[in-house]
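Scroll down for the structure; my scribbles are underneath it.
In structure tokens, the structure reads:
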């Protein structure tokens with residue numbers, strides 16, 4: 001089991017939520033104080049480096065025009081981390097390539113970071129949440145098709161070393177691709193893709209990339225992982241899907257005492273409860289299928305929304321639904337065990353360990369408590385050599 | 001011809017590999033009607049009014065109604081080529097052309113290609129060009145606002161024109177959702193226009209009528225006037241108590257005005 005400290009580098013100093021219609025896309029940036037923002041960047045970078053000192057890997061992501069994640073050019077932050085950190089793996093999850101006009105430029109950025117970090121890059125790619133569409137002026141229709149054409153081109157760009165090649169695809173056109181530098185890691189840095197649906201996970205499995213899913217709880221996570229394994233097997237990659245191909249992201253806070261854990265976990269819920277986004281940003285036409293939209297118009301919930309109906313969420317309900325693991329080390333371990341067994345296991349745990357007003361000291365407390373009291377036990381229980389798909393706890397294996 | 005007696009025929013015609021849904025009604029000189037982003041509903045009141053005088057031909061654009069949408073198609077210009085092929089398949093040479101909203105955009109694309117075959121052109125709340133300043137959308141971004149606000153811009157009487165998915169059949173809702181998706185595909189960038197189109201419109205030299213509803217909050221009077229000005233022989237008309245779709249909110253008034261123009265325009 002490998003664990004990652006994930007911070008969205010949020011800017012939490014906002015006016016009351018009822019004074020604006022959306023925390024994303026349209027919230028005026030006059031609210032953002034660059035001086036406070038600079039201090040926040042310093043602090044969030046420090047927290048990543050503390051996680052590294054504690055033996056935890058580093059993860060970041062990219063969003064645009066939002067207070068929830070002030071990291072609109074994640075490769076820049078990653079470049080800083082490549083120089084500031086020394087040993088941690090560096091996961092960007094991810095590059096929103098359906099919204100980037102030049103996949104080759106993304107391949108260059110990632111190759112450069114791999115070299116800068118002496119081969120520590122883990123390159124993630126995401127389709128992007130729906131509220132990224134408008135900031136990128138990106139067409140919400142045919143995003144999946146663009147995503148896969150871009151990703152396949154990026155991998156080819158990394159792995160072609162004999163001078164220029166051309167690409168005349170459906171969405172992207174290049175006459176002479178020959179990037180400098182090329183990545184250190186061979187044949188290319190590990191590739192991650194995040195999806196939250198079984199159908200989305202199948203092509204990830206077919207390519208053998210690492211599949212991450214965010215806040216999908218118990219049943220939905222199991223379906224996503226099943227979808228991945230189906231894609232893996234149907235592509236002829238063999239029956240056994242290694243555990244390290246699967247990742248789960250949860251809100252995680254470990255406290256020395258139950259009271260401290262609860263207080264930290266409550267602040268972490270900001271990540272979910274602050275995400276105020278109106279439907280016209282949350283569901284642009286074409287982002288989900290016609291059939292899904294028809295069901296929604298006829299009364300079903302938005303299946304996309306990891307945040308839907310979570311306004312009144314409590315720590316207890318978040319833990320209950322498997323999107324949060326919070327408590328003392330023993331409690332958190334038990335929660336992870338339960339989730340792990342239910343979904344068929346995963347080798348990567350992405351820890352949303354900072355959000356909103358979780359201050360520096362409390363964030364560091366959570367990182368250290370996890371790294372020292374939970375992580376070693378997870379590593380002992382869940383070896384990286386395991387096969388996914390059924391309970392695999394060491395000494396208790398099926 | 002009364003509403004009851006006009007004959008409406010629905011066919012599927014293979015055009016450029018696309019199964020195109022085509023409605024035909026009435027007899028007489030051919031009139032190609034190009035629907036808006038909302039799609040075509042054969043129950044709409046304007047249909048018999050036109051079919052009483054003309055051979056009304058209404059294709060569902062690719063990706064709308066029950067027409068297919070091929071992978072390669074992503075622009076109004078593509079659709080213009082599809083409809084040109086449809087006209088050939090139907091044996092239509094000279095014809096009148098009416099387009100609503102994005103249908104007006106497609107009509108303009110068609111008219112720039114074969115101006116000599118378009119007898120008269122009527123544009124109802126047309127989009128497709130950009131004439132205003134760089135830092136202001138000519139056409140408001142209806143996808144970036146709550147649906148109720150968009151409805152207010154698009155309708156004179158939003159309450160009366162409201163569609164309730166819960167009272168519609170699953171088929172109807174599916175078509176509505178798919179129409180909206182295709183609309184986004186075609187209009188997202190550049191927003192609701194083809195930058196080339198306005199430089200081609202001087203060739204569209206048949207008599208043209210540009211119509212808008214007085215309450216249209218989407219296509220402004222200034223936009224309509226600027227659009228009409230790009231054609232050598234265009235004039236404008238405003239219809240009261242109608243928004244972006246006067247053919248739906250004032251079908252009788254609209255039909256009378258357009259038919260009058262098609263019959264009598266010099």
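Protein chains in written order, with the working numbering: chain U, 1 to 398; chain B, 1 to 266. C-beta atoms are modelled at their ideal positions from N, C-alpha and C, and glycine is treated no differently. The structure presented is a predicted model; accordingly, all values stated were derived computationally and were not measured.
What's the gap between the Cα of residue i and the Cα of residue j?
i: residue 170 of chain B; j: residue 69 of chain U; result: 39 Å
i: residue 116 of chain U; j: residue 288 of chain U; result: 38 Å
i: residue 165 of chain U; j: residue 150 of chain U; result: 15 Å
i: residue 98 of chain B; j: residue 254 of chain B; result: 12 Å
i: residue 178 of chain U; j: residue 35 of chain B; result: 47 Å
i: residue 207 of chain B; j: residue 228 of chain B; result: 11 Å
i: residue 155 of chain U; j: residue 188 of chain U; result: 7 Å
i: residue 375 of chain U; j: residue 342 of chain U; result: 20 Å
i: residue 194 of chain U; j: residue 212 of chain U; result: 5 Å
i: residue 67 of chain B; j: residue 291 of chain U; result: 17 Å
i: residue 222 of chain U; j: residue 386 of chain U; result: 17 Å
i: residue 69 of chain B; j: residue 81 of chain B; result: 14 Å
i: residue 357 of chain U; j: residue 51 of chain U; result: 19 Å
i: residue 134 of chain U; j: residue 363 of chain U; result: 32 Å
i: residue 62 of chain B; j: residue 79 of chain B; result: 7 Å
i: residue 313 of chain U; j: residue 268 of chain U; result: 11 Å
i: residue 67 of chain U; j: residue 107 of chain U; result: 27 Å
i: residue 12 of chain B; j: residue 55 of chain B; result: 17 Å
i: residue 281 of chain U; j: residue 273 of chain U; result: 17 Å
i: residue 260 of chain B; j: residue 163 of chain B; result: 31 Å
i: residue 91 of chain U; j: residue 245 of chain U; result: 14 Å
i: residue 157 of chain B; j: residue 147 of chain B; result: 14 Å
i: residue 75 of chain B; j: residue 152 of chain B; result: 27 Å
i: residue 193 of chain B; j: residue 107 of chain B; result: 13 Å
i: residue 258 of chain U; j: residue 320 of chain U; result: 16 Å
Find out if the Cβ-Cβ distance for the pair residue i, residue j is shorter than 8 Å.
i: residue 7 of chain U; j: residue 44 of chain U; result: yes
i: residue 378 of chain U; j: residue 324 of chain U; result: no
i: residue 52 of chain B; j: residue 96 of chain B; result: no
i: residue 161 of chain U; j: residue 182 of chain U; result: yes
i: residue 3 of chain U; j: residue 243 of chain U; result: no
i: residue 270 of chain U; j: residue 16 of chain U; result: no
i: residue 50 of chain B; j: residue 31 of chain B; result: yes
i: residue 261 of chain U; j: residue 248 of chain U; result: no
i: residue 59 of chain B; j: residue 20 of chain B; result: yes
i: residue 247 of chain B; j: residue 46 of chain B; result: yes
i: residue 64 of chain B; j: residue 139 of chain B; result: no
i: residue 298 of chain U; j: residue 131 of chain U; result: no
i: residue 62 of chain U; j: residue 354 of chain U; result: no
i: residue 199 of chain U; j: residue 163 of chain U; result: no
i: residue 132 of chain B; j: residue 105 of chain B; result: no
i: residue 15 of chain B; j: residue 89 of chain B; result: yes
i: residue 173 of chain B; j: residue 241 of chain U; result: no
i: residue 195 of chain B; j: residue 130 of chain B; result: yes
i: residue 263 of chain B; j: residue 250 of chain B; result: no
Output needed for residue i: all residues of its chain with C-beta closer than 6 Å, excluding positions within five of it in sequence on either side, in chain order.
i: residue 89 of chain U; result: 57, 120, 122
i: residue 94 of chain B; result: 117, 119
i: residue 258 of chain B; result: 122
i: residue 336 of chain U; result: 325
Once the 5 residues before and after residue i are set aside, which same chain residues still bring their CB inside 7 Å of it?
i: residue 21 of chain U; result: 278
i: residue 112 of chain U; result: 181
i: residue 369 of chain U; result: 254, 255, 256, 329
i: residue 216 of chain B; result: 125, 243, 244
i: residue 84 of chain U; result: 45, 49
i: residue 236 of chain B; result: 210, 224, 225, 228
i: residue 118 of chain U; result: 184
i: residue 158 of chain U; result: 107, 111, 182, 183, 188
Kindly examine the ligand NAP and report whether one of its heavy atoms sits closer than 7 Å to the Cβ of residue i.
i: residue 87 of chain B; result: Looking at this structure, you won't find the ligand NAP or any other ligand, since it has none at all.
Practice task
Give, in chain order, every unbroken run of the alpha helix (DSSP H) that is at least 4 residues long and sits entirely within the segment 102-175 of chain U.
Solution key: Runs found: 103-116, 133-136, 143-159.
Practice task
Any chance you could list the beta strand (DSSP E) runs of at least 3 consecutive residues sitting entirely within the segment 58-102 of chain U, in chain order?
Solution key: Runs found: 90-95.
Problem - Inter-stretch contact (C-beta, 8 Å, three-pair minimum) for the segment 232-252 of chain U and the segment 202-221 of chain U - result: The segment 232-252 of chain U, when compared against the segment 202-221 of chain U, does touch it at the 8 Å Cβ threshold.
Exercise for the section: Take every Cβ of the segment 200-211 of chain B, pair it with every Cβ of the segment 219-236 of chain B, and state whether three or more of those distances are shorter than 8 Å. Expected result: Segment contact: the segment 200-211 of chain B against the segment 219-236 of chain B, three or more CB-CB distances shorter than 8 Å; contact assigned.
Practice task
May I have a chain-ordered list of the beta strand (DSSP E) segments no shorter than 3 residues that lie completely inside the segment 101-189 of chain B?
Solution key: Here the runs fully enclosed are 118-124.
Exercise for the section: Quick one: which unbroken alpha helix (DSSP H) runs of 4-plus residues sit fully inside the segment 298-386 of chain U? Chain order, please. Expected result: Look at the segment 298-386 of chain U and you find these whole runs of alpha helix (DSSP H), each 4 residues long or longer: 315-320, 329-343, 360-369, 375-381.
Problem - Cβ pair count under 8 Å reaching 3, the segment 213-221 of chain U against the segment 129-144 of chain U - result: A contact between stretches requires three or more CB pairs, one per stretch, nearer than 8 Å, and the segment 213-221 of chain U fails this requirement with the segment 129-144 of chain U.
Practice task
Flag this pair as touching only if the segment 208-222 of chain B and the segment 178-186 of chain B have three or more C-beta atom pairs under 8 Å; answer yes or no.
Solution key: By the C-beta criterion, the segment 208-222 of chain B is judged not to be in contact with the segment 178-186 of chain B, since fewer than 3 inter-stretch pairs fall below 8 Å.
Handout entry: Contact between the segment 89-100 of chain U and the segment 122-134 of chain U (3+ Cβ pairs under 8 Å)
Key = Taking 8 Å as the limit for Cβ pairs, the verdict is that the segment 122-134 of chain U does touch the segment 89-100 of chain U.
Practice task
May I ask you to verify whether the segment 74-83 of chain U touches the segment 22-35 of chain U, counting CB pairs closer than 8 Å and requiring at least 3?
Solution key: Result no; under three Cβ-Cβ pairs closer than 8 Å.
Handout entry: Runs of alpha helix (DSSP H) lying entirely within the segment 221-273 of chain U, each at least 4 residues, in chain order
Key = Counting only runs of 4 or more, we get 258-268, 270-273.
Practice task
With a floor of 3 residues, list each beta strand (DSSP E) that falls wholly inside the segment 177-221 of chain U, ordered by position along the chain.
Solution key: Within the segment 177-221 of chain U, the complete beta strand (DSSP E) runs of at least 3 residues are 191-194, 210-214.
Problem - Unbroken stretches of the beta strand (DSSP E), 3 residues or longer, contained in the segment 225-251 of chain B - result: The qualifying runs are 234-239.
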